[in-house]
Each structure stands twice: as C-alpha cells, then as structure tokens.
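Anchor point for the sequence shown: position 235 equals 346 in this note's numbering, and the numbering is continuous, going up by one each time.
Cβ atoms here follow ideal geometry from the backbone N, Cα and C, with glycine treated the same way.
Since the structure is predicted, the reported quantities are computational estimates derived from the model, not experimental observations.
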Amino acid sequence: MEHSNKPHRAKKSLGQNFLTDPNICRKIVDAVRPSGDDYIIEIGPGQGALTEHLAEAGLRRFRVIEMDDDLASRLEERWPALEVVRADALKFPWESLNDGPCKLIGNLPYNVGSKLIWDIVSRVHTLERAVFMVQHEVALRLTAEPDSKAYGGLTAWVRNFSRTAYLFKVPPTVFRPRPKVDSAVVAFDPLPAGERPADPERLAGLIKTLFQQRRKQISTILKKRMTPEVEAWFQEQGLALSIRPENLTPEQFLSLSERI
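Next up, the structure:
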C-alpha cells in the first residue's frame, strides 16, 4: 500500500523539524553502528529520514516511538514490518527496555531533548549505545568539562551514567522547516554497571540543589548540611570550601551525594 503523498505539515507544538539531507542521515545512522544482532529503538522518526536507513540495516528488531498519529500511520504503511509505538516519548516507560541489550537513536525535538536524555541514560540499564541529534547548545552541555560555562546539572548527571562524545554539527539548512539554531549529534556509551550511581535519587537531588544556585559557593548552598563528614570530604578531595558547583567533576558529585 502506497503511503499518502500529501506532504505532512510540521507541527510547531511537537517541535517537528524534519531532516532532508540523506548524507547527514546516513552519518547519524552509521554512528549508532547498527548490526544484524541489534534491537534499535528510534525516537521521533517523523517522516522516516533515519528510519529508511535503519530499515535497510537488517536489524534483529526495530521499533519507533512516534507521537504524531498521522506520521505513525504513514510509517506503518511504508514499512509494514516496523513496530510503531504511538506514544509521547516523555511518558514512555524506559525501564521496559531492560529485558535485553538495545540501542537508541533519534532526532530529538529541541523542547524535550535534555529531559529525554536525562531519563534514558539513567533508566535504560541495558543500553549499549545511543546517538541523538539535539540543539547545538545542548550538545555542548552534554560534552562539557568542569570549570566551563557549558558545564551544568545535565552534564554532571549524564556523565555519571555514560561517556559522551560530540560527533558533528548540523546546520539549519538540512531541515524542513529550518530551525533558527544549529544542531549537533552526540554519542552516548554507557558506563559499566559498577560505576553507575547506586542511589540516583540522591545524586539528582544534590545536582539540582547545587545548580539552582550555581553562582554561589558550595559551602554557602549546603550551609545547613555542612557536617564534619562533609567538611572531611572536601579535605580528602583537596577542595576549597569556596568552590562553585561547576568546579566539581561528575565523579565528585556522585561521591559527595553518597557522603551527604
């Protein structure tokens, strides 16, 4: 059955910007390193620009999560064997993927990219690799080093679950409609289970507390929680009490959350 030829109008409310450059699509798909043993989940396939290349990769299992009913129907018509999940990725039960190894890929809408990545890296314990296109500024945050302006709560959180790599920049010209800013593609390689936080909630709590007041010194922000144990932690780490949140490495955030 031929899918409808009537062009789909991008919905601003869903942050839809469709990729139109096959070379960029191929590069993004190649970055997830698809093979015949893989179970790959694509988030927000839209008009199938990445889906097309993934469908040719002979994957063991291939699912897409699409919120737009019209687009979901078109994808089902074009690839009858494709598993199409009609859902809002923000509400998707990511833990449901933990029954076996999987990879994730997607051109994420700008307005939800950070939130999705926050959830995915921490909740999909069987993740082998993920490749996401996000707003350029978010890509810089995901791959920033401590002491830099781009380094923030998102960086400190994601890097406690995954190594991140900035792969390449994507200009607005390869999208329809064109976004007003650049995009970039980031790869995520999960850390071994033993290096991931035992108590993610505590880590999330500390990161949010500190970065809500990132201009202040940590000792000021944590004044009420400055026990002798916490002060000893600063000494062990060789850190002055006057440092600010962006001076801590992701590992130090985890270590401090376990001490507080």
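Buried versus exposed call for residue i [16 or more other C-beta atoms within 10 Å across all chains shown]
i, result
"G264", "buried"
"E206", "exposed"
"Q346", "exposed"
"P191", "exposed"
"A343", "exposed"
"E113", "At E113, the pLDDT of 38 sits below 50, so the modelled position is not reliable and the matter cannot be decided from this model."
"N156", "As written in the sequence, residue 156 is Pro, which differs from the Asn given in the question. Buried is the call here."
"E306", "exposed"
"G217", "buried"
"P361", "buried"
"E357", "buried"
"S115", "The predicted model places S115 with a pLDDT of 43, which falls under 50 and marks its position as unreliable; any figure quoted below should be read in that light. Classification for S115: exposed."
"D179", "buried"
"T275", "buried"
"S124", "With a pLDDT of only 48 at S124, under the threshold of 50, the placement of this residue in the model should not be trusted; the figure read from the coordinates follows. Under this definition S124 is an exposed residue."
Reference residue i; option with closest CA among the options
i, options, result
"A198", "A267, V341, E177, C213", "E177"
"T237", "R189, F299, R313", "F299"
"Q323", "R355, I228, D293", "R355"
"L321", "A267, L165, P220, T338", "A267"
"G147", "L165, G157, R171", "R171"
"P303", "L186, I151, G217, E239", "E239"
"V269", "S225, K280, N134", "S225"
"V140", "R174, S184, L215", "L215"
"R174", "D181, D149, D180", "D149"
"R313", "L193, T162, E163, R370", "R370"
"A295", "P301, D179, L278, P311", "L278"
"L227", "N209, H247, L201", "L201"
"A250", "T338, D230, V281", "V281"
"N128", "Q158, R326, R137", "Q158"
"D293", "P220, R234, G349, M337", "P220"
"P301", "S259, V235, E248", "V235"
"P204", "A142, D230, E248", "D230"
"R325", "A276, D180, P311, S259", "S259"
"K291", "D310, T331, P311, H247", "H247"
Beta-carbon gap between residue i and residue j smaller than 8 Å
i, j, result
"V232", "F272", "yes"
"L365", "P308", "yes"
"T254", "V195", "no"
"A241", "R252", "no"
"T317", "S368", "Looking at the sequence shown, residue 317 is not Thr but Leu. Yes."
"R145", "A160", "With the sequence shown as reference, residue 145 is identified as Pro, and Arg is not the correct amino acid for it. No, the Cβ-Cβ distance between P145 and A160 is not below 8 Å."
"L165", "I152", "no"
"V285", "I135", "yes"
"T162", "L186", "yes"
"P257", "L359", "yes"
"Q348", "Q363", "yes"
"V341", "L350", "no"
For residue i, the residue or residues it bridges with in DSSP
i, result
"S199", "According to the sequence shown, residue 199 is Asp rather than Ser. Paired residue(s): none; D199 is not in a bridge."
"V292", "Bridge partners of V292: none, in fact."
"R274", "D300"
"V281", "S294"
"R287", "F129"
Any C-beta of chain C under 8 Å from that of residue i
i, result
"N218", "No chain C is part of this structure, which consists of one protein chain only."
(message) Give the list of continuous beta strand (DSSP E) stretches no shorter than 3 residues that lie fully inside the segment 202-253.
(response) Secondary structure remark: continuous beta strand (DSSP E) runs of at least 3 residues inside the segment 202-253, in chain order: 213-218, 238-246.
(request) Could I get the ranges of all uninterrupted beta strand (DSSP E) runs contained in the segment 129-197, with 3 residues as the minimum, in chain order? (result) Correct list: 150-154, 172-177, 194-197.
(message) Please give me, in chain order, every unbroken run of the alpha helix (DSSP H) with length at least 4 that falls completely inside the segment 308-336.
(response) DSSP assignment within the segment 308-336 yields the following whole alpha helix (DSSP H) runs of 4 residues or more, N-terminal first: 311-322, 329-332.
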